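Residue numbers are given in the numbering used here: position 128 of the sequence shown equals residue 283, and the series is strictly consecutive. Comments concern the structure below.
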Amino acid sequence: LFLRLFQCNNLLLRKAGQALEKYGLTPQQWAVLGSLVRENGSPDLTVGELAQTLRVSRQNIGAVIGRLERMGLLYKAEGTQDQRTKTVHLTEEGNRVWRDIEKPLLDFYNSVLTGCSIDDRARMLTELNNMLAQLERYD
Numbered sequence: 156l157f158l159r160l161f162q163c164n165n166l167l168l169r170k171a172g173q174a175l176e177k178y179g180l181t182p183q184q185w186a187v188l189g190s191l192v193r194e195n196g197s198p199d200l201t202v203g204e205l206a207q208t209l210r211v212s213r214q215n216i217g218a219v220i221g222r223l224e225r226m227g228l229l230y231k232a233e234g235t236q237d238q239r240t241k242t243v244h245l246t247e248e249g250n251r252v253w254r255d256i257e258k259p260l261l262d263f264y265n266s267v268l269t270g271c272s273i274d275d276r277a278r279m280l281t282e283l284n285n286m287l288a289q290l291e292r293y294d
């Protein structure tokens with residue numbers, strides 16, 4: 156089971172990376188943009204919360220954020236509650252890039268799930284969420 160999960164993850168990252176190449180993005184950068192979009196550009200999404208959402212270290216997310224900042228796709232601002240924290244926001248260009256890549260990638264993901272009913276997808280999501288919760292107990 157775990158070997159198959161590793162295989163799916165590796166292949167998914169490689170295929171998504173190929174689809175993202177023409178936009179100059181990596182799957183990790185796409186995940187950051189997508190997390191910010193899904194959070195509706197919440198002004199309270201901190202670097203730490205973004206790292207937690209993506210289940211990566213603050214050091215890893217910091218490097219990805221730095222590259223996206225240099226690309227002009229996002230920016231950091233002082234936190235509204237605590238000025239020592241930094242919140243992350245999409246720029247107008249970041250929103251434009253997201254709109255450009257969202258449909259092609261969703262089409263790709265849907266094609267991968269061809270043959271899976273909505274019920275099958277819901278069950279898979281439930282089981283993956285359960286596995287994620289169990290894995291988080293080991294932190």
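Virtual Cβ for every residue (Gly too), placed ideally from N, Cα, C. Remember, it's a predicted structure, so these values are computed and weren't measured experimentally.
Shown here for LEU200: same chain residues with a beta carbon closer than 7 Å to its own, the five before and five after excluded, namely LEU191, GLU194, THR242, VAL243 in chain order.
Take the alpha-carbon of ASP294 and the one of GLU204: they are about 16 Å apart. Comparing C-alpha distances from LEU168 to each of GLN184, LEU156, PHE157 shows the shortest one belongs to GLN184.
Taking all protein chains in view, the Cβ of LEU280 is surrounded by fewer than 16 other Cβ atoms within 10 Å, so the residue is classified as exposed. DSSP, read as helix, strand or coil, puts TYR230 in strand. Taking the Cα positions, TYR264 is about 39 Å away from GLN238. Annotated three-state conformation of THR201 is strand, per DSSP. The C-alpha of CYS271 is placed about 15 Å away from the C-alpha of LEU283. Judged by beta-carbon spacing, GLU248 lies beyond the 7 Å limit of LEU229, meaning their Cβ atoms are not closer than that value. When the Cα atoms are used, ASP275 and THR269 turn out to be separated by approximately 11 Å. When DSSP states are grouped into helix, strand and coil, VAL243 belongs to the strand group.
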